[in-house]
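Scroll down for the structure; my scribbles are underneath it.
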Amino acid sequence: MAMEPTVKVALGTAAFGIFWVLAVFPAVPFLPIGRTAGSLLGAMLMVLFGVMSADEAYAAVDLPILGLLFGTMVVSVYLERADMFKHLGKLLSWRSQGGKDLLVRTCVVAALASALFTNDTCCVVLTEFILKIARQNNLPPKPFLLALASSANIGSAATPIGNPQNLVIAVQSGISFGQFVFGILPATLVGAVVNAAILLCLYWRHLSDEKCVEVVAPVPTDVVEEDDVTSHRFSPATMSHPRSSHHHQPGTSLSPPPDCEVYEPVKPVTVTNNKADADADAAAVVVGIHQRRGGGGGVRVKEEEAFRWVEEKEEAMEQWKSTVWKTCVYVITLSMLVALLLGLNMSWSAITAALALIVLDFKDARPCLEKVSYPLLLFFCGMFITVDGFNKTGIPSAFWEFMEPYARIDTPTGIVILALVILLLSNVASNVPTVLLLGARVAASAAAISPAAETNAWLILAWVSTVAGNLSLLGSAANLIVCEQARRSEQYGYTLSFFSHLQFGFPATLIVTGIGLLLIRSN
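Residue numbering for the sequence shown follows this note's numbering, beginning at 270 and increasing consecutively.
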């Protein structure tokens, strides 16, 4: 692709530069508007500067990627409300044997959770729990925070739904979900093990200084907010009738009106089960009979027992409905994964699962939909337009034409050079823009070798751009989430500095990336 006129190149580069600065440093003093607004500003400037037309800007927005991202976020919200992350948290501390055991468990849980629920979601939910369990057991938080962030990034490489750049690669490449998983899974498994081993080597002494070898702290139960858990129940309209304002409260006397022959049931039951209704009515009739006979204090005792009995049955019914609802959430999520493995359309599979969960909940979906990260979706819209406008300047094509002879994947040297380019750009321009800039070019170069080489090129791009996030604190959003969540924690606050992360991230990233490349190459 030839270079555009100098003015157009300069204006397009300026617009992309503004986007890049605000994406990497969202709180710069001269324009502290954040990543999302910076992305939209870059997109607007591309159109205003004449680098691309408005129609071209609309066409640059990739709706399948946005649909897949939206669907997976909704599913993650419902999984969180169904206590999935609470169960993962319990797995961390169940019969743990000390700091080293906890570190390994943190790596395993983070890698597994990020592959299924995205790395950002995993880090948001588990950071507070990791801090809490480390503080309670007199362990330094730093190794565990590094384990959470780095393992979440590595684990997210295993599936197309693990992180945003994999979503882009899966949609643009046309690689099926199963082919993607089986192609990159060996590298992910070995990479996660190597990453955990590096953490143990670096912090072995720190993890051996705890006062108690066995972790005996009680398992925290607040990984998921209690309001979110208790407010979500399988409750169709037929199961939740409003109570009458004339209902009797336990412990108060009942005086039937003189003109009434039959006393009204004291407390109608709100469930539809026939046996439960019959039991409640029987209890109310017993109370009414004793009321008319003037049972006195003994009647009040029996009345309270009857109401206690009814309340226990209601609680049991609520517990049953909650269990059914959670089971349905897990079944729908598993069905979505099966659909993805079968090669069905990824975007519509995720959206269908999300809507099935909304319908199953049978209540206003606004509280759930409000938890979707719409700023992230808008960031992607602006980024698609900005990156496409920068591509139209001809600079990325000129850069790749210069690098292509040295970065072909049919030679070991070419793979190393390509990996270094991806590592550098992912930490300078962020991983998703890097994938958008290089993806089609790298794939076209590999396609000239063979179809298998093209698939390998996409998988290499997915692996390196994802693991590159571990190199520095600014390398991925997951790192920043862990850092900010830890710093803002009111009870267990901890500051993870840029250089303390770099001491671990730089060597670990190079080692894990190199080992993964060998395994992807062999597929």
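All C-beta atoms, glycine included, are put in the ideal place defined by N, C-alpha and C.
Whole-angstrom C-beta distance between residue j and residue i, which should lie under 8 Å
i	j	result
Ser-695	Ala-737	4 Å
Pro-412	Leu-476	7 Å
Gly-424	Leu-381	6 Å
Gly-336	Ile-684	The Cβ separation is near 33 Å, so there is no contact.
Asp-679	Ile-729	Actually they are not in contact, since the Cβ atoms of Asp-679 and Ile-729 sit about 12 Å apart, beyond 8 Å.
Gly-612	Phe-446	7 Å
Val-440	Ile-334	5 Å
Gly-311	Phe-285	6 Å
Cys-752	Tyr-347	Between Tyr-347 and Cys-752 the Cβ distance is about 27 Å, and since that is not below 8 Å, they are no contact.
Ser-442	Ala-722	Between Ala-722 and Ser-442 the Cβ distance is about 13 Å, and since that is not below 8 Å, they are no contact.
Ile-784	Val-459	6 Å
Cys-597	Leu-645	At roughly 27 Å, the Cβ-Cβ gap does not stay under 8 Å, so Cys-597 and Leu-645 are not in contact.
Contact check, residue i vs residue j, beta carbons under 8 Å
i	j	result
Gly-340	Ala-623	yes
Ile-399	Leu-414	yes
Ile-686	Ala-698	no
Asn-700	Ser-734	yes
Leu-771	Ser-741	yes
Gly-307	Phe-288	yes
Pro-410	Ala-747	no
Ile-453	Thr-724	no
Ala-688	Asn-435	no
Ala-426	Leu-788	no
Lys-595	Asp-352	yes
Ile-691	Thr-703	yes
Ala-326	Val-316	yes
Other residues of its chain near residue i: CB distance less than 7 Å, five sequence neighbours each side excluded
i	result
Ala-625	Ile-601
Ser-758	Glu-397, Leu-400
Asn-464	Cys-376, Ser-419, Ser-420, Ile-423, Ala-777, Val-781
Cys-391	Ala-379, Ala-382, Ser-383, Ala-421
Ala-547	Residue confidence for Ala-547 is low, a pLDDT of 48 falling below 50, so the modelled location carries little weight; the figure read from the coordinates is stated next. Once the five neighbours on either side are set aside, Ala-547 has no close Cβ partner at all.
Met-605	Val-344, Ser-618, Ala-619, Ala-622
Phe-775	Leu-740
Ala-608	Ser-618
Leu-300	Leu-291
Pro-720	none
Contact set for residue i: own chain, Cβ-Cβ below 6 Å, skip 5 residues either direction
i	result
Ile-662	Sequence check: residue 662 is Thr here, not Ile. Correct list, in chain order: Glu-273, Val-278, Gly-281.
Pro-433	Val-701
Val-330	Cys-650, Phe-653
Cys-481	With a pLDDT of only 39 at Cys-481, under 50, the local geometry of the prediction cannot be trusted, and the value read off the model is given with reservation. Once the five neighbours on either side are set aside, Cys-481 has no close Cβ partner at all.
Tyr-472	Pro-412
Phe-648	Arg-304, Thr-305, Ser-308
Trp-578	none
Ile-467	Ala-777
Leu-610	Phe-446, Gly-447
Top-ranked residue by Cα proximity to residue i, from the options
i	options	result
Met-672	Ser-719, Leu-707, Tyr-643	Leu-707
Asn-407	Phe-318, Gly-367, Val-598	Gly-367
Asn-388	His-356, Tyr-472, Leu-338	Leu-338
Ser-345	Ser-642, Ala-427, Ala-284	Ser-642
Thr-655	Ala-296, Leu-786, Arg-304, Leu-314	Leu-314
Phe-631	Ser-591, Lys-571, Ile-664, Leu-645	Ser-591
Ala-416	Ile-784, Leu-603, Gly-783, Phe-773	Phe-773
Ala-709	Glu-573, Pro-681, Glu-670	Glu-670
Gly-356	Tyr-599, Phe-449, Glu-574	According to the sequence shown, residue 356 is His rather than Gly. For His-356, the nearest C-alpha among the options comes from Tyr-599.
Gly-404	Leu-786, Ser-769, Tyr-763	Position check: residue 404 holds Arg in this sequence, whereas Gly was assumed. When only C-alpha atoms are compared, the closest one is Tyr-763.
Ser-714	Pro-674, Ser-745, Gly-744	Pro-674
Gln-448	Glu-583, Leu-291, Trp-727	Trp-727
Thr-275	Leu-693, Val-297, Ile-664, Pro-720	Ile-664
Ser-745	Leu-385, Leu-693, Glu-580, Leu-610	Leu-693
Lys-640	Leu-300, Leu-291, Met-342	Met-342
Asn-614	Glu-573, Leu-332, Glu-572	Leu-332
Ile-402	Leu-786, Leu-779, Arg-569, Tyr-761	Tyr-761
Residues near residue i by beta carbon distance below 8 Å, same chain, minus five either side
i	result
Leu-469	Lys-369, Leu-372, Val-373, Leu-476
Ala-461	Cys-376, Val-377, Ala-380, Ser-420, Ile-423, Gly-424
Ser-322	Val-316
Leu-743	Val-293, Asn-696, Leu-749, Phe-767
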